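*Asks:* One gets our numbering by counting positions in the sequence shown from 1 and adding 19 to each.
I am attaching a structure below and will ask some questions about it afterwards.
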Amino acid sequence: MIAGEASGLAGGMIRGVVIMVNRSVLAHRLFTGISRQHLSCLAEELAVPWQAGVEGRRHAARGGARKRTAGAGARHQLVFVDRLVATLIHLRHDLPHSVLGLLFGVDRSTVTRAIAEIRALLAERGCAVPDRPGLRLRTLTDVFAYAQAEGVELRLDATEIQVRRPPANRGGRRAFVSGKKKQNTMKATVIADWRGRTLWTDALRPGRMHDATAARNEGIAVCFQHFRDVEVLLDDGYLGLSRDHRGQAITPPRKPRPGALPGRVEQWERDRHGHSSDRITVEHALADHKRWKQLTRWTHRRDRLADTYRAIAGLVSDRTAQA
Numbered sequence: 020m021i022a023g024e025a026s027g028l029a030g031g032m033i034r035g036v037v038i039m040v041n042r043s044v045l046a047h048r049l050f051t052g053i054s055r056q057h058l059s060c061l062a063e064e065l066a067v068p069w070q071a072g073v074e075g076r077r078h079a080a081r082g083g084a085r086k087r088t089a090g091a092g093a094r095h096q097l098v099f100v101d102r103l104v105a106t107l108i109h110l111r112h113d114l115p116h117s118v119l120g121l122l123f124g125v126d127r128s129t130v131t132r133a134i135a136e137i138r139a140l141l142a143e144r145g146c147a148v149p150d151r152p153g154l155r156l157r158t159l160t161d162v163f164a165y166a167q168a169e170g171v172e173l174r175l176d177a178t179e180i181q182v183r184r185p186p187a188n189r190g191g192r193r194a195f196v197s198g199k200k201k202q203n204t205m206k207a208t209v210i211a212d213w214r215g216r217t218l219w220t221d222a223l224r225p226g227r228m229h230d231a232t233a234a235r236n237e238g239i240a241v242c243f244q245h246f247r248d249v250e251v252l253l254d255d256g257y258l259g260l261s262r263d264h265r266g267q268a269i270t271p272p273r274k275p276r277p278g279a280l281p282g283r284v285e286q287w288e289r290d291r292h293g294h295s296s297d298r299i300t301v302e303h304a305l306a307d308h309k310r311w312k313q314l315t316r317w318t319h320r321r322d323r324l325a326d327t328y329r330a331i332a333g334l335v336s337d338r339t340a341q342a
């Protein structure tokens, strides 16, 4: 609900406009991308670590313990729940900070600080585990340990997010040019289960890096060695991993040589289709991530994309883990 107050000048010009937005409307799923129940659980989960961070920064600024009673001093212009809602709206719709400041009745700089605080907390949460309330996966080792303990077959794939072209005359500028998309991108590696539920995402690398190289740099080879019973379905971009870890890194079957018997070709087509059908759920997980506008094209600083992707993946996993 929006109300405006305007005072007129000669000729009908407007001197000033005051906009007030009902905060309950801004907390709607259409704005935040999550249900009100999910928002309530998030607020309860993050309130304590956020307050601890506030007190830590105050302690550092004072250089010691507080001298006034707890609660004394200036109040926050933007309370914690409003900070959380503003951050979710920014992640979901990529609204500028100045627009969010107008909606919440605060300065743009207040919104910028609030989003930086909440985004970091969301990124640290990790991904939810189906049927395991309170358990969250934060590292690749966590995912492999969970998969071996529960007998889960994993699906792994990479996705690219378009980013701004780095400034001219700087080293490493070509590293972001994707050979696949012919654009400046960053590449994220994602793991999902057989129902398309996100279990882990990280390893954001420049778009020029090969998919398998990005996975190796995260230590996937060590995980294969320590968790011998874990199987991961992959696409053709990970043939090197399949060669090094046979029986664990599973890629589509290779096409028969020319002149092969018709029955052999038909069997290959059936096997390849079956592998694709089993692996498609990780593509569904990637599609869930790309519904958040910030991951369709990243126009902000590249060093903030990793936290943003982890934050969104954690939010998506909360919903899919309950499906």
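Ideal Cβ placement from N, Cα and C applies to all residues, glycine included.
These numbers were taken from a predicted model, which means no experiment stands behind them.
1) Relative to the C-alpha of Pro186, which candidate in Gly75, Asp176, Glu288 and Asn203 has its C-alpha closest?
2) Just to confirm before moving on: does the CB-CB distance between Trp311 and Arg111 stay below 8 Å?
3) What span of residues does the alpha helix (DSSP H) with Glu106 cover, start to end?
4) How would you label Asp337, buried or exposed, when you count the other beta carbons within 10 angstroms and need 16 or more for buried?
5) Bridge partners for Trp219 per DSSP, in chain order?
6) Which runs of the alpha helix (DSSP H) at least 4 residues long sit entirely within the region 253-281? Give them in chain order.
7) Going by other Cβ atoms of all chains shown within 10 Å of its Cβ, with 16 needed for buried, is Val249 buried or exposed?
8) Tell whether a beta-carbon distance below 8 Å holds between Arg224 and Asn236.
9) For Leu45, which residues in the same chain have their Cβ closer than 6 Å to its Cβ, ignoring the five residues on either side in sequence?
10) Can you tell me where the alpha helix (DSSP H) holding Gln244 begins and where it ends?
11) So, at 8 Å on beta carbons, what are the nonlocal neighbours of Lys201 in its own chain, with the 5 sequence-adjacent residues on each side left out?
12) What's the gap between the Cα of Thr339 and the Cα of Val301?
13) In the region 135-221, which residue ranges form an unbroken alpha helix (DSSP H) of at least 4 residues, counting only runs that do not cross its ends?
14) Within its chain, find whatever has a CB closer than 7 Å to the CB of Val100; leave out the 5 residues flanking it on each side and keep chain order.
15) I'd like to know whether the C-beta atoms of Asp255 and Ala240 end up nearer to each other than 8 Å.
16) Let me make sure I understand the geometry here. Which of Ala234, Leu107, Val125 and Arg265 has the alpha-carbon closest to that of Arg55?
*Replies:* Looking at the coordinates:
1) As a first step, residue 186 is located in the sequence shown; it is residue number 167 there, counting from the start. The residue with the shortest Cα to Cα distance from Pro186 is Asn203.
2) In the sequence shown, the residue the question calls residue 311 occupies position 292. In the sequence shown, the residue the question calls residue 111 occupies position 92. Taking 8 Å as the Cβ cut-off, Trp311 and Arg111 qualify as a contacting pair.
3) Here residue 106 refers to the residue found at position 87 when the sequence shown is read from its first residue. Before going further, note that residue 106 is Thr rather than Glu in the sequence given. Element bounds for Thr106: Phe99 to His112.
4) Stepping through the sequence shown from its first residue, residue 337 is reached at position 318. The residue is buried, with at least 16 neighbouring Cβ atoms inside 10 Å.
5) Translated into the one-based positions of the sequence shown, residue 219 becomes position 200. The partner list for Trp219 (beta bridge, DSSP) reads Ile210.
6) 258-263
7) Mapped onto the sequence shown, residue 249 falls at position 230. Result: buried.
8) Along the sequence shown, read from residue 1 onward, the residue named residue 224 stands at position 205. Along the sequence shown, read from residue 1 onward, the residue named residue 236 stands at position 217. In this structure, Asn236 lies closer than 8 Å to Arg224 by Cβ.
9) Looking up residue 45 in the sequence shown gives position 26. Excluding residues within five positions, the ones whose Cβ falls inside 6 Å are Val104.
10) On the sequence shown, residue 244 is found 225 positions in, with the first residue counted as 1. Here the alpha helix (DSSP H) through Gln244 covers Ile239 to His245.
11) The count along the sequence shown starts at 1 and reaches residue 201 at position 182. Excluding sequence neighbours, Lys201 sits near nothing in its chain.
12) In the sequence shown, counting from the first residue as 1, residue 339 sits at position 320. In the sequence shown, counting from the first residue as 1, residue 301 sits at position 282. Taking the straight line joining both Cα atoms gives about 12 Å.
13) 159-169
14) Residue numbering aside, residue 100 sits at position 81 when the sequence shown is read from its first letter. The residues are Ala62.
15) Position 236 of the sequence shown, counting from 1, holds the residue named residue 255. Position 221 of the sequence shown, counting from 1, holds the residue named residue 240. No, the Cβ-Cβ distance between Asp255 and Ala240 is not below 8 Å.
16) Taking the first residue of the sequence shown as position 1, residue 55 is located at position 36. Nearest of Ala234, Leu107, Val125 and Arg265 to Arg55, Cα basis: Leu107.
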